[in-house]
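Below is one structure, written out as structure tokens; comments come after it.
Numbering (UniProt numbering), first residue to last: 1 to 277.
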């Protein structure tokens, strides 16, 4: 029975891994094909190897606008996730370590934010941005990414698992103020928590589509998701854009892979925080 249980779990994991990797595998095969091979060869088969020519075509299209979109996505996701994670960790730490009137009610309001889908907030955010005159600017997409309700909840849980109150009391006894205690004592302990939240937020912002769609008209401000969508719409009239979208999609996966590979050890540590007492 134990052997059958282990086999069933491994089989389920294998199916899950296959389901996850199949789209990426197809993307890899398709990115190496010319436009004619894309429709004339099986999906999981190489045609004439054309990857470098496809990348060159992506780089040339629109005067290199793809790499402008790439930089925009790195700014939205990289800087946004870094700042958002710092704010989120500080909020979670405050909810965990401090006491004030109405704390749990406020935390309940934060948890309500987890239940609201981001697509439902796009139109209200657009109306607010319109009121203050920042529609179709970098800030209209960047500022909303700084709010991460689920990250606050996760940061509170990880703060309880990583930061002993006794260490904070010792720092205060040595004369450290609250900001210095957080920055010099708590934050190094919360580094795995910070990286865990950073990875979640980086992925969410990198894949964000609906908010930029609502906020942006200037093509030079597009993130990759919206830029590739604009190319895909042109594919109805100009089939060569299908190859550009496929190759661009493959290139867009690279930062996610790099970030996860570089930070996975912190992510594993963060996800297991507090699991062993």
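In this text, a Cβ means the ideal position worked out from N, Cα and C, and glycines have one as well.
Remember, it's a predicted structure, so these values are computed and weren't measured experimentally.
Hey, residue i and residue j: beta-carbon distance below 8 angstroms or not?
i: residue 26; j: residue 43; result: yes
i: residue 223; j: residue 72; result: yes
i: residue 146; j: residue 87; result: yes
i: residue 212; j: residue 225; result: yes
i: residue 108; j: residue 152; result: no
i: residue 191; j: residue 163; result: no
i: residue 149; j: residue 106; result: no
i: residue 243; j: residue 38; result: yes
i: residue 216; j: residue 136; result: yes
Reducing DSSP to helix, strand and coil, say where residue i ends up.
i: residue 34; result: coil
i: residue 104; result: helix
i: residue 266; result: helix
i: residue 280; result: Because residue 280 is not part of the residues shown, which for the chain are 1 to 277, the question remains open.
i: residue 235; result: coil
i: residue 96; result: helix
i: residue 203; result: helix
i: residue 48; result: coil
i: residue 164; result: coil
i: residue 242; result: helix
i: residue 43; result: coil
i: residue 176; result: coil
i: residue 192; result: helix
i: residue 133; result: coil
i: residue 274; result: For residue 274, the predicted model reports a pLDDT of 44, less than 50, meaning its position is unreliable; a value from the coordinates is still stated below. Looking at residue 274 - three-state DSSP - the assignment turns out to be coil, as it is neither helix nor strand.
i: residue 72; result: helix
i: residue 116; result: coil
i: residue 78; result: helix
Counting C-beta neighbours from all protein chains within 10 Å, is the total for residue i 16 or more, i.e. buried, or is it exposed?
i: residue 265; result: exposed
i: residue 205; result: buried
i: residue 131; result: exposed
i: residue 208; result: buried
i: residue 270; result: Note that residue 270 has pLDDT 49, beneath the 50 cutoff, so the model's placement of it is unreliable and the number below is only indicative. Residue 270 should be labelled buried.
i: residue 50; result: buried
i: residue 259; result: buried
Assuming residue i and residue j are in contact, meaning their beta carbons sit under 8 angstroms apart, how far apart are those beta carbons, in whole angstroms?
i: residue 194; j: residue 89; result: 5 angstroms
i: residue 122; j: residue 202; result: Wrong, their Cβ atoms sit about 20 angstroms apart, outside the cutoff.
i: residue 256; j: residue 245; result: Contact doesn't hold; Cβ gap of about 17 angstroms is too wide.
Quiz prompt | At least three beta-carbon pairs within less than 8 angstroms, the region 138-158 to the region 78-90 | solution = yes
Quiz item: Taking three-plus beta-carbon pairs below 8 angstroms as touching, is the region 158-173 in contact with the region 94-105?
Solution: Three or more beta-carbon pairs separated by less than 8 angstroms link the region 158-173 to the region 94-105, which places the two stretches in contact.
Quiz item: Any contact of the region 62-72 with the region 156-166, i.e. 3+ C-beta pairs under 8 angstroms?
Solution: no
Quiz item: Given 8 angstroms as the limit, is there contact between the region 176-184 and the region 16-33, that is, 3 or more CB pairs closer than that?
Solution: Judged by Cβ distances under 8 angstroms, the region 176-184 makes no contact with the region 16-33, as fewer than three pairs qualify.
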